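Read in order, the letters of the sequence shown are residues 1 to 303 in full-length UniProt numbering.
For every residue, glycine included, the Cβ atom is placed at its ideal position computed from N, Cα and C.
Source: prediction; values computed, not measured.
Read through the structure below, which is laid out as structure tokens, and then see the notes.
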Amino acid sequence: MSPEIYNLTKISYKNFLMDAKYSKKFIDELVQSISLVNYGQDVSIPAFVGCVSFAGAGEQLWAIKGGNKLLAKQLAHNSEATISLNTRVNSVTQLDANLFELSVTDEKSGQTSTRRYNSVIIATPLTENQLKFINFSTNFNVNFPKRQYHRTVSTLVAGHLNKKWKGRDVLSDNESTFFTSIGRVYPVDDSRDERTPVYKVFSRTPLTTDQLDLIFEDTQVVYVKDWYAYPHYDSVSEPLPPFILSPGVYHLNAIEWAASAIEMSLIGGKNAALLAYNQLGGKTGDANTYTQNTANHQITDEL
């Protein structure tokens, strides 16, 4: 990897573009609007995040027919791993080198049990009071940096735009505007013959009825997804979190703090897989069916 890529995480997007002699008007109007719609944050974000954001505004973009969710579904299917749905992981305990025990709770039955593994890959943001680490040399529960995620509200509306907005996609370059973007969306089967158009509105807080009325003539269906979608990139001086939390325990989502995107998650997944591969001595050719018995406990590969 070029050192320049890492350096882009240590300078603000705005300063990077100014050093490259882009005009203030270009930065304040076009670049900032793209940054706001993709990350809900202005051009003070790190330059690498900004470059990833701008790439998402290009013309040569791809989507999967049937929905991008099929990517994760097919990856999980092709891995042939055992997937435990509706199961919460409570804690990770280190028993020995390359031996870890997870406490898990079936959220349907409420039953808690333990399972043992040679490696653990954490594929979720690590936030306060989410997951306990027990018997590690480093106290992650205290020492792991408390990192904030950025709130984004996505509102899907079946209806018709007011005359002011009709016939266009709208990006806002003003942080004080109550929305950051308005865009037409289409069914994942790529059909474009729906009778009532559907629009997606991004905002930082849930839209009020009065705010929706400023955008739409009528609203037949409204669906709101309010979530913390990506990191809050509030400082270029903050160090990037490690992929290796401890030998044998890997944090895939560390990549998000360089930039958050589905492509970045794929890179993070590959990094974590290679780290686990090396930890296990590179003997993972038959990893899908690999099992061994240790202290009368079966160690398996699962997601």
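request  = Could you check if Pro46 is buried or exposed, using at least 16 other CB atoms within 10 Å of its CB as the buried criterion?
outcome  = buried
request  = Would you mind reading off the limits of the alpha helix (DSSP H) that contains Phe243?
outcome  = Neither: Phe243 is in no alpha helix (DSSP H) and is coded neither H nor E.
task = Indicate whether the contact test is met: 3 or more Cβ pairs, each with one atom in the stretch 103-115 and one in the stretch 258-270, closer than 8 Å.
result = no
key: Residue of Asp234, Ala272 and Ala276 minimising C-alpha distance to Ser44   = Asp234
request  = Ignoring anything shorter than 4 residues or poking outside the stretch 12-52, list the alpha helix (DSSP H) runs there in chain order.
outcome  = 13-19 and 32-39
request  = Pick out the complete beta strand (DSSP E) segments inside the stretch 238-282, 3 residues or longer, and give them in chain order.
outcome  = 244-246 and 249-251
query = Does the distance from the C-beta atom of Gly159 to that of Phe216 stay below 7 Å?
reply = yes
task = Pick helix, strand or coil for Thr138, following the three-state DSSP scheme.
result = coil
key: His251 burial status per 10 Å Cβ neighbour count (16 or more: buried)   = buried
key: C-beta contact flag for Gly56 and Arg204 at 7 Å   = no
query = For the putative contact between Val37 and Ala261, defined by C-beta atoms under 8 Å, what is the C-beta separation to the nearest angstrom?
reply = Not confirmed; about 13 Å, so no contact.
inquiry  = Strictly by DSSP, which residues pair up with Glu101?
reply    = Thr93 and Arg116
inquiry  = Measuring straight from C-alpha to C-alpha, what distance separates Gln279 and Pro247?
reply    = 8 Å
message = Once the 5 residues before and after residue 304 are set aside, which same chain residues still bring their CB inside 6 Å of it?
response = Residue 304 is absent from the structure shown; the chain starts at 1 and stops at 303.
query = Counting Cβ pairs closer than 8 Å, one from the stretch 83-101 and one from the stretch 57-68, do we hit at least three?
reply = no
request  = Could you check if Pro3 is buried or exposed, using at least 16 other CB atoms within 10 Å of its CB as the buried criterion?
outcome  = exposed
request  = May I have a chain-ordered list of the beta strand (DSSP E) segments no shorter than 3 residues that lie completely inside the stretch 176-233?
outcome  = 181-185, 198-203 and 216-231
key: Cβ-Cβ distance between Ser154 and Lys108 below 7 Å   = no
message = Looking at Tyr228: is its Cβ nearer than 7 Å to the Cβ of Arg151?
response = yes
query = Do Ser119 and Ala254 have their C-beta atoms closer together than 7 Å?
reply = no
inquiry  = Taking a contact to mean a Cβ-Cβ separation below 7 Å, would you say Asp173 touches Glu29 in this structure?
reply    = yes
ask   = If Lys14 sits next to Ile27, beta carbons under 8 Å apart, how far is it from one beta carbon to the other, in whole angstroms?
value = 6 Å
message = Rounding to the nearest angstrom, what Cα-Cα distance links Ser181 and Lys24 in this structure?
response = 21 Å
Selected residue, minimal CA-CA separation from Ser137, among Thr219, Leu245, Ile34 and Tyr6 = Leu245
message = Checking the sheet assignment: what are the DSSP bridge partners for Phe54?
response = Its beta-bridge partners do not exist; DSSP assigns none.
task = Have a look at Asp169 and Ser191 and give me their C-alpha separation to the nearest angstrom.
result = 19 Å
query = Do you know offhand how far Leu274's Cα is from Phe243's?
reply = 11 Å
query = For Val201, which of Pro187, Arg195 and Gly183 has the nearest alpha-carbon?
reply = Gly183
ask   = Based on the DSSP output, what are the partners of Arg88 in its beta bridges?
value = Thr105
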